[in-house]
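Take a look at the structure below.
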């Protein structure tokens, strides 16, 4: 299928601001009378606030007041409050103070006496599961969707720590198929323990927030991945109806899952501003961003995988202890099980999950939450099975590869489409796999070559959201995008589906986004790799609605029936007689005169209330196309990626260089080639970080984080990644997406972390580390045949 | 080594960095807008983007602070405020610097260029800015001004860098989106070399 806009690069309207410095992020705004807030964060990993004496602080000239947990709505554990009287990790915000400037606020903080009663704490889930182990929260230590207390016997704990099949209770479990029969049918059965360490998101932009109230409405300048999706939730946190919130997030300096929706600090200046009657700016420092900026869930686990003689995966039994941090989290383990169920199509899968709180920073979704941790672990295990069965690593993946008949998750539901074999074949061809694989294990001095292939998966498309567009009497086409600007350009690229359907000139299109007062429709969250699929559909239905209305208007004005007319070249005209028609400008003018559903005075009753308000805001300004996406969707829309990596591992330093990298996307039709390449490469950088660099470390004695800055957290730099990475795409249309597109952001990372883990393993003759990150120390100890500096399931290791 | 960067200037820079690279709270104590005991604001005339900009500056104020909060030049970003990320990169006498780790008093009489200073008066983009657009180099865009200013300094000193030279020159600029590859493509394009 040939398109005018789909599959073509374009200049997204916001990019000029990014290169000129005119792009305004939340902290770049100022308003008259703005005062500055600073946070008092917990110095203890778990404590109860028994007293706050702010008298001396409030006496300082220029101090306007404090905000404590008593001033903000309380929430039920383990949800995250704006401020707390029971801090559950070092850095948990207890109160804020506002002053004429930050220096005065900082001086005030030093004068505030906060009395804390220490409570038991833990930085390791297995410590909390021990008999009489410390609980990270007074309400319980595990969270299988409700607070519970769980302690194993010492024997159960010892067995798990020693690498045996866990026998301790797991509060969550799902399965499908006959596990026992699967293992009976297996030629190779592998049992492995593993650790994936949690680590901070560390978005480049610290999440500063500015709020003020004007005419009874709260204005919030914030930084979120999503735009419309944030509005009702943030309004709820502020205790106001959504119509009274003006939410502005035109630019977001990175989120990666940590800024999906309204987060507690986003509501703080709004509450503070209301209390003080002044605009409040809360600038977040890098250290504070570590505290309030979220992190990846850590895994300590065990799995048993059975492979048939032909290499097909027969059964996988997974047991995962999740490190949730101190607040609500925990979907990662189940997502890991789901990823295994689709990528390898096993006959049987069981997932047991123990979600445990620790007194460490709150966790949340981080690019491929669960899917990417298990990609790092399972893919090298797959290679080990391939080695034992004498099957090539690409072949074993091809044997198990999901196609459009694939099923996934506990319910073994269907997919919209899947072409993983095609992705593997394309990648193997472009990477010259067969030839390159011959270099595996070659030595040059202390440097040894490793070759790896890895796969990533994430669901990549939702449905049921709204599209809204408008054609005005000046002939312009306005796309109202409720999609947040998280750096993928999907807020704009998804509107090109509407431009494609309308057959209009992109240069006459205006994309409105980033400010809830710009009449933006209800949108999915910009996370979970869903936006391209979800909002291609929403824009499609809005465009179809506009076309239907234009044809009706033409029939009313020029005679005949709507079926006699078509839309192209910014005109609606009689089929076969292009001279008989109306320009977009004329049809917009006619729509305003006709009113009703044409002008937006009326609208469908199934659209979200956020969209209803958006339509009300633009009603009467032109022809309105608005609809909810009720298109059919036959199952999970999957996003897949395959990566190939060649590394050179120096056995003397333990460091490696990635000398060649190729990523292949299987995400349906390519919508925006450069954008897709950016996601594949950026995802790869994240994958490299997970494989060998990033981890957080807590001091188990005091609960103190050891790495709150960039340098210690170690996101990859230019020098940690290849300077050139190849990308490609299968580019086969998905039948349930109007232009055939699905999402890709998260699989782009999982395939990279898997490919590097597999290449490291390959360089070392198939040795499995079963741990992320694999640090140089780990390599050196292995090469020197020394014991590692940590136990099998230890975390908080350097 | 950069020929403009003498040993003496390097050492001075390190001293300035350590002054600014203290904890965040100390930074706020040190750089806020009101006067603290014993510190006096001095009216400086700074040369920023080719214009003379008079500004009152505290002795311990960083250039990033002056640019963003006193002059409204918010294109310069503060990502870490301790010399670890490069989002605040500007050029001083054509050499790239972390403006979070430089005292404003140390740049008196020197030519400072921020990302706002690149676009021509008629609105034309600087070739480097255009190259960054053409390669879809930015993702979230927060680190982009710093990446661009590091590129400005690189191409001033080395108009035809190899990709590896560009990689080394920009290695002090973090990008959490991982857009490094695209940024390097943009540097090569801006220097007139095919990518």
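Residue numbers (the working numbering), protein chains in the order written: chain A, 38 to 835; chain B, 9 to 203. Heads up, the beta-carbon is just placed ideally off N, CA and C, and yes, glycines get one too.
Distance between residue j and residue i (C-alpha atoms, nearest Å)
{"i": "residue 343 (chain A)", "j": "residue 804 (chain A)", "result": "19 Å"}
{"i": "residue 675 (chain A)", "j": "residue 714 (chain A)", "result": "18 Å"}
{"i": "residue 295 (chain A)", "j": "residue 50 (chain B)", "result": "41 Å"}
{"i": "residue 591 (chain A)", "j": "residue 637 (chain A)", "result": "18 Å"}
{"i": "residue 7 (chain B)", "j": "residue 52 (chain A)", "result": "Only positions 9 to 203 of chain B appear in the structure, and residue 7 (chain B) is not among them; the question remains open."}
{"i": "residue 563 (chain A)", "j": "residue 550 (chain A)", "result": "13 Å"}
{"i": "residue 375 (chain A)", "j": "residue 738 (chain A)", "result": "36 Å"}
{"i": "residue 47 (chain A)", "j": "residue 534 (chain A)", "result": "13 Å"}
{"i": "residue 477 (chain A)", "j": "residue 488 (chain A)", "result": "6 Å"}
{"i": "residue 214 (chain A)", "j": "residue 303 (chain A)", "result": "44 Å"}
{"i": "residue 377 (chain A)", "j": "residue 775 (chain A)", "result": "28 Å"}
{"i": "residue 579 (chain A)", "j": "residue 643 (chain A)", "result": "13 Å"}
{"i": "residue 447 (chain A)", "j": "residue 359 (chain A)", "result": "19 Å"}
{"i": "residue 468 (chain A)", "j": "residue 493 (chain A)", "result": "17 Å"}
{"i": "residue 262 (chain A)", "j": "residue 297 (chain A)", "result": "5 Å"}
{"i": "residue 28 (chain B)", "j": "residue 84 (chain B)", "result": "Note that residue 28 (chain B) scores 35 on pLDDT, short of 50, meaning its location in the model is unreliable and no value can be drawn from it."}
{"i": "residue 188 (chain A)", "j": "residue 207 (chain A)", "result": "10 Å"}
{"i": "residue 518 (chain A)", "j": "residue 586 (chain A)", "result": "20 Å"}
{"i": "residue 210 (chain A)", "j": "residue 391 (chain A)", "result": "9 Å"}
{"i": "residue 443 (chain A)", "j": "residue 384 (chain A)", "result": "12 Å"}
Beta-carbon contacts of residue i that lie in its chain and below 7 Å, excluding the five residues immediately before and after
{"i": "residue 299 (chain A)", "result": "267, 270, 271 and 274"}
{"i": "residue 41 (chain A)", "result": "537"}
{"i": "residue 50 (chain A)", "result": "529 and 548"}
{"i": "residue 552 (chain A)", "result": "285 and 287"}
{"i": "residue 652 (chain A)", "result": "505, 637, 640, 661 and 663"}
{"i": "residue 421 (chain A)", "result": "227, 803 and 805"}
{"i": "residue 105 (chain A)", "result": "89, 120 and 132"}
{"i": "residue 124 (chain B)", "result": "57, 81 and 83"}
7 Å Cβ cut-off: residues of chain C touching residue i
{"i": "residue 790 (chain A)", "result": "Looking at the structure shown, chain C is missing, and the protein chains on hand are A and B."}
Three-state secondary structure (DSSP) of residue i
{"i": "residue 125 (chain A)", "result": "coil"}
{"i": "residue 130 (chain A)", "result": "strand"}
{"i": "residue 827 (chain A)", "result": "coil"}
{"i": "residue 470 (chain A)", "result": "helix"}
{"i": "residue 597 (chain A)", "result": "coil"}
{"i": "residue 109 (chain B)", "result": "helix"}
{"i": "residue 665 (chain A)", "result": "strand"}
{"i": "residue 97 (chain B)", "result": "strand"}
{"i": "residue 556 (chain A)", "result": "coil"}
{"i": "residue 323 (chain A)", "result": "helix"}
{"i": "residue 496 (chain A)", "result": "strand"}
{"i": "residue 212 (chain A)", "result": "strand"}
8 Å Cβ shell around residue i - same chain, five flanking residues per side excluded
{"i": "residue 618 (chain A)", "result": "591, 595, 602, 608, 609, 610 and 611"}
{"i": "residue 141 (chain B)", "result": "133"}
{"i": "residue 55 (chain B)", "result": "61, 117, 118, 119 and 120"}
{"i": "residue 719 (chain A)", "result": "785"}
Neighbour list for residue i in chain A, Cβ cutoff strictly below 8 Å
{"i": "residue 146 (chain B)", "result": "52, 55, 56 and 524"}
{"i": "residue 182 (chain B)", "result": "241, 747, 752 and 754"}
{"i": "residue 95 (chain B)", "result": "241"}
Cβ-based neighbour list, residue i, same chain, cut-off 6 Å, excluding 5 preceding and 5 following
{"i": "residue 470 (chain A)", "result": "431"}
{"i": "residue 508 (chain A)", "result": "514, 621, 625, 659 and 660"}
{"i": "residue 254 (chain A)", "result": "281 and 283"}
{"i": "residue 654 (chain A)", "result": "556"}
Per-residue contacts from residue i into chain A (C-beta, under 7 Å)
{"i": "residue 153 (chain B)", "result": "58"}
{"i": "residue 89 (chain B)", "result": "322 and 323"}
Under 8 Å from the C-beta of residue i: neighbouring residues of chain B
{"i": "residue 761 (chain A)", "result": "171, 189 and 192"}
{"i": "residue 48 (chain A)", "result": "141"}
Per-residue contacts from residue i into chain A (C-beta, under 9 Å)
{"i": "residue 124 (chain B)", "result": "57, 58 and 59"}
Contacts that residue i makes with chain B (C-beta to C-beta distance below 7 Å)
{"i": "residue 65 (chain A)", "result": "82"}
Under 9 Å from the C-beta of residue i: neighbouring residues of chain B
{"i": "residue 471 (chain A)", "result": "The premise fails here: residue 471 (chain A) is roughly 26 Å from chain B at the closest Cβ pair, so nothing lies under 9 Å."}
{"i": "residue 288 (chain A)", "result": "148, 149 and 150"}
Handout entry: Proximal residues, the region 709–733 of chain A versus chain B, C-beta separation under 8 Å
Key = 711, 712, 714, 715, 718, 719, 720, 721, 722 and 723
Handout entry: Against chain B: residues of the region 642–661 of chain A by CB proximity under 8 Å
Key = none
Handout entry: Chain-ordered residues of the region 259–281 of chain A with a beta carbon less than 7 Å from chain B
Key = none
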